[in-house]
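Take a look at the structure set out below.
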Amino acid sequence: MSWQDELRNGIRTAEQLAPLLHWTPEETARRAEIVERFPMLITPYYLSLVDTEDPDDPIGKMCIPSLAEFKEGGSFDTSGEADNTKLEGLQHKYAQTVLLLSTNQCAMYCRHCFRKRLVGLSEEELNKRVDEVVAYVREHREITNVLISGGDAFLNPNHILERYLRELTAIDHLDFIRFGSRTPVTLPERIYGDREFLDLFAKYAQQKSLWVVTQFNHPRELTEQTRQAVRALIERGVLVRNQTVLLRGVNDNGETLGTLLSGLTRMGVVPYYIFQCRPVTGVRERFQVPLGEGIRIVDNAKSRQNGFGKAVRYAMSHPRGKIEIVCQGAGGETLFKFHQSKDPADSARAFTVKLKPTDAWLDDGLQSGL
Ligand code: SF4
5 MSWQDELRNG IRTAEQLAPL LHWTPEETAR RAEIVERFPM LITPYYLSLV
55 DTEDPDDPIG KMCIPSLAEF KEGGSFDTSG EADNTKLEGL QHKYAQTVLL
105 LSTNQCAMYC RHCFRKRLVG LSEEELNKRV DEVVAYVREH REITNVLISG
155 GDAFLNPNHI LERYLRELTA IDHLDFIRFG SRTPVTLPER IYGDREFLDL
205 FAKYAQQKSL WVVTQFNHPR ELTEQTRQAV RALIERGVLV RNQTVLLRGV
255 NDNGETLGTL LSGLTRMGVV PYYIFQCRPV TGVRERFQVP LGEGIRIVDN
305 AKSRQNGFGK AVRYAMSHPR GKIEIVCQGA GGETLFKFHQ SKDPADSARA
355 FTVKLKPTDA WLDDGLQSGL
């Protein structure tokens, strides 16, 4: 099946899932209400990884809508994206990096997505003017890299990807270009099955360093097809890095997370960040792990790694910057350090906060250290 057919045949309605998951008509109707609010799309490939007989299946948890998504609380913009938007769809939070919302489409709508406000829904925040983006990057010589995100950057058609590649690789002050895509995990055919796409990346990787940042969250996502996708990128000179989200019921134990990290390094994908799940509306209640517990899980997972696996950082994307969650003392005293900061005064600053066992984010109630 081509990747376009995979997408066309994707599961989009609660009614399609109901017979597989043995939902009653009432359960199906409730799920349909959720899908109305937060769209669902599961590729046949990704669905084949789900154990449909296990209601707590970690792979299923990432793609199957749950009634917990109705829970209020949290926010739809947990890292201040609106404040960092300089042009439609272009965010400039850190001096060296711009981030582009290039599409609202994904191959799968992850139930834990932190851009739930827009994926599969609104096109309002997207960039529709490549020329404006290119002009902005040209004018701002402090920018050394562009992250093309979304949605999923690889859901853009090849001619749009080529436009970005052609224009951005020609800008001298850029060191590299990154693409944020979960297709290696959810639709690997998009990569290994599209010769034109691979030729494009092979061509432009000769001119500028190109990176794909993806998101594997569970060892069962590391399949022969994903290996094929990653290999196809690496063979074309494209570097692949992984950002995992720490998720309750998916990878919230040292053994599972450790197996994932070592599987990634074995595949040639260096794990880069383990992100604290953000307090997003419809996500927080179902997926967040408290910070103290998160530290213990990550330490346990890292203790099972070689040097590459150990280099991963446990971090949160906070409105103030990317904050590393370093370690915790017996009384809950927790050390944090700015890894990236919006305000240069915060650069590399370390601070401590005394956390309660249930604290899962540095929000207004926990500002003492910030
Ligand atoms: S692929 Fe990324 S942007 Fe798309 S739904 Fe999943 S987490 Fe969100």
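Going by the working numbering, the sequence shown opens with residue 5, and the numbers climb by one from there. Note that the Cβ used here is the ideal one computed from N, Cα and C, for glycine as well. Predicted, not measured: the structure shown is a model, and the values here were computed from it.
- In the structure shown, residue 281 adopts coil according to DSSP, grouped into three states.
- Here residue 218 is not near residue 112, since their CB atoms are 8 Å or more apart.
- Residue side-chain check: residue 64 keeps its Cβ at 7 Å or more from all non-hydrogen atoms of the ligand SF4.
- The Cβ-Cβ distance between residue 168 and residue 152 falls below 8 Å.
- By the CB criterion at 8 Å, residue 285 and residue 79 fall inside the cutoff.
- In the structure shown, the three-state DSSP call for residue 328 is strand.
- Taking C-alpha positions only, residue 354 is separated from residue 273 by approximately 29 Å.
- Residue 354 has 341 as its beta-bridge partners, per DSSP.
- With a cutoff of 7 Å, residue 154 counts as near the ligand SF4, since its C-beta is closer than that to a heavy atom of the ligand.
- By the Cβ-count criterion, residue 362 is exposed, with fewer than 16 other Cβ atoms from all chains shown falling within 10 Å of its own Cβ.
- The Cβ atoms of residue 281 and residue 237 do not sit closer than 8 Å to each other.
- DSSP places residue 27 in the coil class of the three-state scheme, outside both helix and strand.
- Counting the other Cβ atoms within 10 Å of the Cβ of residue 324 gives 16 or more, which makes it buried.
- Residue environment analysis places residue 310 among the exposed positions, since fewer than 16 neighbouring C-beta atoms fall within 10 angstroms of its C-beta.
- Under a 10 Å Cβ-count criterion, residue 184 is classified as buried, with 16 or more other Cβ atoms of the shown protein chains found around its own Cβ.
- CA-CA distance, residue 347 to residue 267, rounds to 36 Å.
- Uninterrupted beta strand (DSSP E) stretches at least 3 residues long and entirely within the stretch 229-271 occur at 243-250, given in chain order.
- For residue 247, the Cβ stays outside the 7 Å cut-off from all heavy atoms of the ligand SF4.
- Secondary structure at residue 318: strand, using DSSP grouped into helix, strand and coil.
- Cβ atoms of residue 248 and residue 220 come within 8 Å of each other, at about 6 Å.
- For the ligand SF4, no non-hydrogen atom lies closer than 7 Å to the CB of residue 44.
- Taking the CA atoms as reference points, residue 351 sits about 37 Å from residue 207.
- Here the stretch 56-74 lies against the stretch 220-236, with 3 or more beta-carbon pairs under 8 Å apart.
- Going by DSSP, residue 307 is part of the alpha helix (DSSP H) stretching over 295-307.
- Between residue 298 and residue 318, the C-beta gap is smaller than 8 Å, which places the two residues in contact.
- Counted as a single uninterrupted DSSP element, the alpha helix (DSSP H) harbouring residue 162 occupies residues 162-173.
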